[in-house]
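K.L.:
Residue numbers (the numbering used here): 4 to 325.
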Amino acid sequence: GSGKTTLCRFAAVILAGEGPQGVLGGEDLPEVPPGLLPLFLPFREYVSFRRKAKECSLLDFLLDQARNHLQLHGVTEDFLSGAMESGQAVLLLDGLDEVGSAQERADLQDKVLAFLSQYRRLPVLLSSRIAGYKEAPLPGAGDAGSSDGFVHFQLEPFSDDDLDAFVQHWYEVQEADDAKARTDGIRDLTSALKASPNLRELARNPMLATLIALVHRYEAHLPGERAKLYELCIKTLLETWPAVTKRRFEEIDTAVQRVFLEALAYRMQSQRKNRSRDVVLERKALVETLAEFALEREPKADPAVEAARMERWVAYLEQGTG
Numbered sequence: 004g005s006g007k008t009t010l011c012r013f014a015a016v017i018l019a020g021e022g023p024q025g026v027l028g029g030e031d032l033p034e035v036p037p038g039l040l041p042l043f044l045p046f047r048e049y050v051s052f053r054r055k056a057k058e059c060s061l062l063d064f065l066l067d068q069a070r071n072h073l074q075l076h077g078v079t080e081d082f083l084s085g086a087m088e089s090g091q092a093v094l095l096l097d098g099l100d101e102v103g104s105a106q107e108r109a110d111l112q113d114k115v116l117a118f119l120s121q122y123r124r125l126p127v128l129l130s131s132r133i134a135g136y137k138e139a140p141l142p143g144a145g146d147a148g149s150s151d152g153f154v155h156f157q158l159e160p161f162s163d164d165d166l167d168a169f170v171q172h173w174y175e176v177q178e179a180d181d182a183k184a185r186t187d188g189i190r191d192l193t194s195a196l197k198a199s200p201n202l203r204e205l206a207r208n209p210m211l212a213t214l215i216a217l218v219h220r221y222e223a224h225l226p227g228e229r230a231k232l233y234e235l236c237i238k239t240l241l242e243t244w245p246a247v248t249k250r251r252f253e254e255i256d257t258a259v260q261r262v263f264l265e266a267l268a269y270r271m272q273s274q275r276k277n278r279s280r281d282v283v284l285e286r287k288a289l290v291e292t293l294a295e296f297a298l299e300r301e302p303k304a305d306p307a308v309e310a311a312r313m314e315r316w317v318a319y320l321e322q323g324t325g
């Protein structure tokens with residue numbers, strides 16, 4: 004929830020010339036030269052693509068994305084390869100931690116490094132959660148003398164100014180056609196965050212800030228107790244937001260979805276040895292665990308059918324709620 008995928012997508016939009024120029028530049032970053040081609044590659048989708056085409060390379064996947072997802076049927080391998088060789092492209096690799104086990108991530112890293120060795124002038128941004136990354140870090144990353152040339156950055160939580168700006172921008176987008184609702188929303192949410200230090204600390208995480216903003220907009224109030232806030236966040240994700248966007252997951256009743264998520268949360272919390280330890284549940288294990296819960300409710304159900312249903316539900320949660 005720190006904003007890794009949002010950063011990659013935002014960078015792609017800016018590089019494509021669809022946003023304010025120079026916005027990626029800053030104290031620690033040079034101004035980005037114009038005319039660069041952004042190549043956005045979500046690792047999760049690449050792994051899924053590889054299951055269907057075992058011997059596919061990163062270039063094969065980028066071509067498939069361009070032709071089948073962006074409808075750019077005229078894009079050729081020579082065009083993409085030439086842009087990468089000349090340094091006229093930027094590769095945005097998102098979500099390394101979302102790839103299977105630590106060994107699978109290490110194998111994928113080897114493929115990425117081998118691919119990048121062919122394109123020495125290609126700038127690369129690779130994102131990962133810290134927990135998943137530490138198990139299989141890039142060799143030599145951050146070492147100025149290494150041949151890999153990677154440098155580590157860590158996304159910081161929202162500062163007070165960042166949070167105030169987020170609230171203003173969020174309501175400007177959500178209430179673009181209603182000036183009164185926009186002004187009232189900005190004022191009320193900003194006041195609520197300032198009045199509750201605990202709430203403000205939670206909102207320093209961009210994902211939680213977004214959830215809090217959603218709850219504030221649709222519930223018209225923010226509870227001071229963390230448990231009640233989380234209760235409303237869950238309600239917003241499972242009920243309110245799907246109703247507003249008209250994108251419900253019809254295969255599992257909303258109440259049952261909550262039961263499964265409660266069981267999952269309890270299982271993960273039970274695995275924590277201390278409060279500072281993150282529990283990382285790989286996607287395959289996640290689907291298997293949810294299928295296990297489903298079979299406990301319906302012992303006569305087909306395990307393969309339940310596993311497939313849970314796979315679809317996880318995909319829905321990723322795409323529909325983040």
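The beta carbon of each residue, even a glycine, is placed where N, CA and C say it ideally should be.
If I measure Cβ to Cβ from Glu178 and keep anything under 7 Å in the same chain, skipping five residues before and after, which residues do I get?
P.N.:
Hits under 7 Å: Ala184, Arg185 and Gly188.
K.L.:
I need the straight-line Cα distance from Arg315 to Glu291, nearest angstrom please.
P.N.:
Cα to Cα, the separation comes out at about 12 Å.
K.L.:
Could you say if the stretch 112-122 and the stretch 83-100 meet the contact criterion of at least three C-beta pairs nearer than 8 Å?
P.N.:
Contact holds: three or more Cβ-Cβ distances are below 8 Å.
K.L.:
Could you please give the first and the last residue of the uninterrupted alpha helix (DSSP H) stretch that includes Leu125?
P.N.:
Here Leu125 belongs to no alpha helix (DSSP H), and DSSP marks it neither H nor E.
K.L.:
Measuring CA to CA, which of Asp180, Lys249 and Val176 is closest to Thr213?
P.N.:
When only C-alpha atoms are compared, the closest one is Val176.
K.L.:
Indicate whether the contact test is met: 3 or more Cβ pairs, each with one atom in the stretch 236-252 and one in the stretch 188-208, closer than 8 Å.
P.N.:
Output reads no: the stretch 188-208 does not touch the stretch 236-252.
K.L.:
Keeping to the same chain, check which residues put their C-beta closer than 7 Å to that of Ala92; ignore five residues upstream and five downstream.
P.N.:
Closer than 7 Å at the Cβ level, and outside the excluded window around Ala92, lie Leu39, Leu40, Leu42, Ala86 and Leu125.
K.L.:
Straight-line CA distance for Ala69 to Phe118?
P.N.:
About 18 Å.
K.L.:
Could you pull out every unbroken alpha helix (DSSP H) segment of at least 4 residues lying fully inside the stretch 155-232, listed in chain order?
P.N.:
Complete alpha helix (DSSP H) runs here, min 4: 163-177, 182-198, 200-205 and 209-222.
K.L.:
Starting from Phe13, trace the beta strand (DSSP E) in both directions and tell me its first and last residue.
P.N.:
It is not in any beta strand (DSSP E) - Phe13 instead sits in the alpha helix (DSSP H) that spans Lys7 to Leu18.
K.L.:
For Lys7, which residues in the same chain have their Cβ closer than 6 Å to its Cβ, ignoring the five residues on either side in sequence?
P.N.:
Result list for Lys7: Ser130, in chain order.
K.L.:
Would you mind stating whether Val282 and Arg275 have Cβ atoms separated by less than 7 Å?
P.N.:
In contact: Val282 and Arg275 (Cβ atoms closer than 7 Å).
K.L.:
By a C-beta neighbour count over all protein chains shown, 10 Å radius and 16 as the cutoff for buried, is Ile133 buried or exposed?
P.N.:
Exposed.
K.L.:
When you compare only the Cα positions, how much space is there between Gly4 and Phe13?
P.N.:
Whole-angstrom Cα-Cα distance: 15 Å.
K.L.:
So, at 8 Å on beta carbons, what are the nonlocal neighbours of Lys55 in its own chain, with the 5 sequence-adjacent residues on each side left out?
P.N.:
No residues qualify anywhere along the chain.
K.L.:
Helix, strand or coil, according to DSSP, for Phe263 in the structure here?
P.N.:
Of the three classes helix, strand and coil, the one that applies to Phe263 here is helix, per DSSP.
K.L.:
In terms of DSSP beta bridges, what is Pro45 paired with?
P.N.:
BP columns for Pro45 point to Asp97.
K.L.:
For Arg261 and Asp180, I'd like the C-alpha separation in whole angstroms.
P.N.:
So the two alpha carbons sit approximately 34 Å from each other.
K.L.:
Counting C-beta neighbours from all protein chains within 10 Å, is the total for Tyr269 16 or more, i.e. buried, or is it exposed?
P.N.:
Exposed, because fewer than 16 other Cβ atoms sit within 10 Å of the Cβ of Tyr269.
K.L.:
How would you write the range of the alpha helix (DSSP H) that Asp110 sits in, first residue to last?
P.N.:
Ala105 to Leu119 is the span of the alpha helix (DSSP H), which, as asked, contains Asp110.
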